[in-house]
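Remarks on the structure that follows.
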Amino acid sequence: MRVCVSLICSMLCTTRIVRVRLEKLSYFLNKFEALWFMHNLDILLFSLIQPGYLHNLLPDSAPDHPDTLEQVLEDVKTKILPGVTHWQSPSFFAFYPSNSSVAGFLGDILSTGLGIVGFSWITSPAATELEIIVLDWLAKLLNLPEQFLSEGNGGGVIQGSASESVHVAMTAARDKVLRRVGKNALGKLVVYSSDQTHSSLQKACQIAGIHPENCRVLKADSSTNYTLRPELLQEAVSRDLEAGLIPFFLGANVGTTSSGAVDPLASLGKIANRNEMWFHVDAAYAGSACICPEYRQYIDGVETADSFNMNAHKWLLTNFDCSLLWVKDQSTLTEAFSTNPEYLQNKASQANLVVDYKDWQIALSRRFRSLKLWMVLRLYGAETLKNYIRNHIKLATVFEQLVSQDPNFEVITPRIFSLVCFRMVPVDNDEKKCNDRNRELLEAVNSSGKLFIIHTVSTNNSLSLSFFCSSFILVGNVLIYIYRFASETGSLGENLFTFFHRSAIDRGEAHKRGMEGYPGGGIKLASQVNTMKKYDIMNKNKISLPIWFGFVVVNYV
5 MRVCVSLICS MLCTTRIVRV RLEKLSYFLN KFEALWFMHN LDILLFSLIQ
55 PGYLHNLLPD SAPDHPDTLE QVLEDVKTKI LPGVTHWQSP SFFAFYPSNS
105 SVAGFLGDIL STGLGIVGFS WITSPAATEL EIIVLDWLAK LLNLPEQFLS
155 EGNGGGVIQG SASESVHVAM TAARDKVLRR VGKNALGKLV VYSSDQTHSS
205 LQKACQIAGI HPENCRVLKA DSSTNYTLRP ELLQEAVSRD LEAGLIPFFL
255 GANVGTTSSG AVDPLASLGK IANRNEMWFH VDAAYAGSAC ICPEYRQYID
305 GVETADSFNM NAHKWLLTNF DCSLLWVKDQ STLTEAFSTN PEYLQNKASQ
355 ANLVVDYKDW QIALSRRFRS LKLWMVLRLY GAETLKNYIR NHIKLATVFE
405 QLVSQDPNFE VITPRIFSLV CFRMVPVDND EKKCNDRNRE LLEAVNSSGK
455 LFIIHTVSTN NSLSLSFFCS SFILVGNVLI YIYRFASETG SLGENLFTFF
505 HRSAIDRGEA HKRGMEGYPG GGIKLASQVN TMKKYDIMNK NKISLPIWFG
555 FVVVNYV
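Each residue of the sequence shown is one higher than the one before, counting from 5 in my numbering.
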C-alpha cells in the first residue's frame, strides 16, 4: 500500500507540503491496517454506543484553520472507530458480506487518487474500456451466454449496488413495454416476484411508477426450500391477462437474503419469455459462487433472462461498491437513460464508436470502479477466488453439522452456499414461545459486542437465526477456533479456546503461495468442539448457548 500511495504522490503532488502530508497518511494507514489485521480479534466488532453519541464528541462547526494530521487521526481512533461496526471482522456473521482485500484496497486508492469521473469514453478512455474488458472476463468465468458479452448486442456495466441494478433493469423494462403498448398503459403494468425477493424490487416499483396494487408478491414454497413455484407464477399471470392487465417484469433470485434459496430459472424464464415479460435474475450474493464449476448449475436457465446481476463486493474480494449488471440488449438501457446535452457531445460518441456508461445508469457521474476489480482478478487469479469461495462453503458445512448434532437446535432450510439458517427448537410445539426464546438469544449474542448475527422470519412466521460464513478473513485452511464467550464472560472458570497466532512473516509466506493455505491444510475440527460444555449466556432467562455457537474459524494470510 505504501508503494501505491507513494506512486500517486510522485505523479500527482506538485508541492513538498502535500507530499509530506500524503506520506504521513500513507504511513498511518499502513500501520493501522497492519495492526487491525493482527488484533482484529480483540476489537469490539459490534458498537454498543447510543444514537447521537458523536454529536457530543465533535464541535458544532468546521475549524477555521487546519488541524494537524496527527490530531485528525487521533480523533479517528478515539471518536470515530468506537462507533464503527467492523464488517471485516472474522466474528461478523450478520448480513451478506462486504468483502475487502489488499488488491481491492489498492485499486480503490489508485482510483481515488486519479480522481476520474468517467461518465463517457472521452472523459477517460481507459476507465470505460477496462470496465468492458473486466465485465467480459467475469461473464466468461460465470459461463454466461454469449448474448451477455460486449461482442454482440449485450454487455456489462458496474453499478453501485444490486438495488441500483434492479432499478435500472425495471426502468428499461418499463420503457420497452410502453413503446410497444403505449404510454397510457402504465397503470396496467404488473410486476411479479416471490416474498423472498429483496426489498429493493419494491423500491424499484415505486421509482418506476408501478401501482402498488400491481405488484404481485407470490408466496414462496417452504416444501421446495422457499423457491417460487412456476405454476403459481403462471396462475397469477393468467389471472392478470384475463383482467386486461399487462405482465411486464419478473424478478427471480439466486441466493435469497432470508434463506439462500435459488429459484428455478429455466422454468420461470419460459413463462416470462412466453408472455413478453422482462426477466431479471438477482444473484447479488450467490452469483460469485457460480464461477466454481460445481455451483454453475444454480444459474442454469440464465439464457432466458434479459438481465443478470451479482455483487463482486459481496463475495469476490472487491471492496464496496461494485455491483455487476449484464443485459442481453444494451439498447434497452441507452433508450431509457440516454441524455445528450451540447456540453457532453463529442465526435467519438456521436459516431457511435464507443460506450458511454452514463447512458447505462441512473446517475451521470461514475467512479473508476473497474480498476479495483481488475486488480483483484490480476493479483489473485480465478483459481484463488474459486478456492476462497469453496473454503467458505466448507466452513458453513462444518457449522451446519455442528448445529444438526445439537438436540437443542435445528437447521431450518438445507444449506446451499455459505448461509446457515437455524434456531432453538420449539418447546411443547409453542411457536410463539420459540420465537421469543430465539429473539432473546439473538439480543444476548449481539449485546456482547463479540459476535454479530441477524434473524429472519419465514413465510409461516417462524423466527430463525442467520449465520453468514463469508468474512474475507475466513480464507485458506489454517483454522483458528475461538470460543470467545466461554472465556470472556467468565461463566466458566477456565479458558476454553485455542488461538493460534501466525506471525506477519508466516502470513506473508502464505500469501506468496496463494490463498490455498499452508501445506497439509484442510478442514480440521478442533477436538474441543465435541467436548465443550454449555453455559448460560443470559442467566436471568436461562438461555443456554452451545459452545460451538461462539466458534470462529480464521486464517491469516
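From the three backbone atoms N, C-alpha and C, an ideal C-beta is built for every residue, glycine too. Here the structure is a predicted model, which is why all the values come from computation and not from measurement.
{"Item": "Span of the beta strand (DSSP E) around residue 162", "Value": "159-163"}
{"Item": "Same chain, Cβ closer than 7 Å to residue 87, five either side skipped, listed in chain order", "Value": "51, 53, 57 and 58"}
{"Item": "The stretch 327-347 / the stretch 102-109 touching (three or more Cβ pairs under 8 Å)", "Value": "no"}
{"Item": "DSSP state of residue 213 mapped onto helix, strand, coil", "Value": "coil"}
{"Item": "CB of residue 122 within 8 Å of CB of residue 361, strictly", "Value": "yes"}
{"Item": "Burial state of residue 78 (16 or more Cβ within 10 Å)", "Value": "exposed"}
{"Item": "Per DSSP, the bridge partner or partners of residue 174", "Value": "DSSP, once it has assigned bridges, lists no residue as partnering residue 174."}
{"Item": "C-beta atoms of residue 310 and residue 332 nearer than 8 Å", "Value": "yes"}
{"Item": "Own chain partners of residue 132 with C-beta closer than 8 Å, once the 5 adjacent residues on each side are dropped", "Value": "122, 124, 125, 358, 359, 360 and 361"}
{"Item": "Nearest candidate by alpha-carbon position, reference residue 365, set 139, 162, 243 and 55", "Value": "162"}
{"Item": "CA nearest to the CA of residue 325, picked from 300, 374, 391 and 172", "Value": "374"}
{"Item": "Backbone CA spacing between residue 481 and residue 392 [nearest angstrom]", "Value": "Legend: pLDDT at residue 481 = 31, less than 50; position of this residue unreliable, value from coordinates given subsequently. If you take the alpha carbons of residue 481 and residue 392, they lie about 10 Å apart."}
{"Item": "Secondary structure of residue 124, DSSP reduced to three states", "Value": "coil"}
{"Item": "Spatially closest choice to residue 600 from 334, 118 and 426, by CA coordinates", "Value": "Only positions 5 to 561 of the chain appear in the structure, and residue 600 is not among them; the question remains open."}
{"Item": "Close-in-space but distant-in-sequence residues of the same chain around residue 439 (CB under 6 Å, 5 per side omitted)", "Value": "467"}
{"Item": "C-alpha gap between residue 248 and residue 179, whole angstroms", "Value": "19 Å"}
{"Item": "Reduced DSSP category for residue 425 - H, G, I as helix; E, B as strand; rest coil", "Value": "strand"}
{"Item": "Cβ-based neighbour list, residue 213, same chain, cut-off 7 Å, excluding 5 preceding and 5 following", "Value": "190"}
{"Item": "8 Å contact criterion, which residue 308 and residue 270 should meet: CB distance rounded", "Value": "7 Å"}
{"Item": "Counted within 10 angstroms of its Cβ, other Cβ atoms place residue 418 as buried (16 or more) or exposed", "Value": "exposed"}
{"Item": "Where residue 233 falls: helix, strand or coil (DSSP)", "Value": "coil"}
{"Item": "Outcome for residue 66 when other beta-carbon atoms lying within 10 angstroms are tallied against a minimum of 16", "Value": "exposed"}
{"Item": "Beta carbon proximity, residue 465 to chain B, threshold 8 Å", "Value": "Here there is only one protein chain, and chain B is not present."}
{"Item": "CA nearest to the CA of residue 321, picked from 256, 242, 432 and 292", "Value": "292"}
{"Item": "The stretch 214-223 contacting the stretch 188-203, beta-carbon criterion three pairs below 8 Å", "Value": "yes"}
{"Item": "Where the alpha helix (DSSP H) containing residue 443 begins and where it ends", "Value": "435-451"}
{"Item": "First and last residue of the uninterrupted beta strand (DSSP E) at residue 78", "Value": "Run containing residue 78: none in the beta strand (DSSP E); it sits in the alpha helix (DSSP H), 73-79."}
{"Item": "Integer-rounded CB distance, given that residue 61 should sit under 8 Å from residue 312", "Value": "About 45 Å separates the two Cβ atoms, so there is no contact after all."}
{"Item": "Three-state class that DSSP yields for residue 251 in the structure shown", "Value": "strand"}
{"Item": "Whole beta strand (DSSP E) elements within the stretch 282-331, 3-residue minimum", "Value": "282-286, 311-315 and 327-331"}
{"Item": "DSSP state of residue 361 mapped onto helix, strand, coil", "Value": "helix"}
{"Item": "Between the CA atoms of residue 82 and residue 289 - distance to the nearest angstrom", "Value": "34 Å"}
{"Item": "Residue 256 versus 230, 441, 242 and 243, residue with shortest Cα-Cα distance", "Value": "230"}
{"Item": "Opening and closing residue of the beta strand (DSSP E) in which residue 220 lies", "Value": "219-222"}
{"Item": "Through-space distance from residue 354 to residue 472, alpha-carbon basis", "Value": "47 Å"}
{"Item": "Whole-Å CB distance - residue 138 paired with residue 377, under 8 Å assumed", "Value": "5 Å"}
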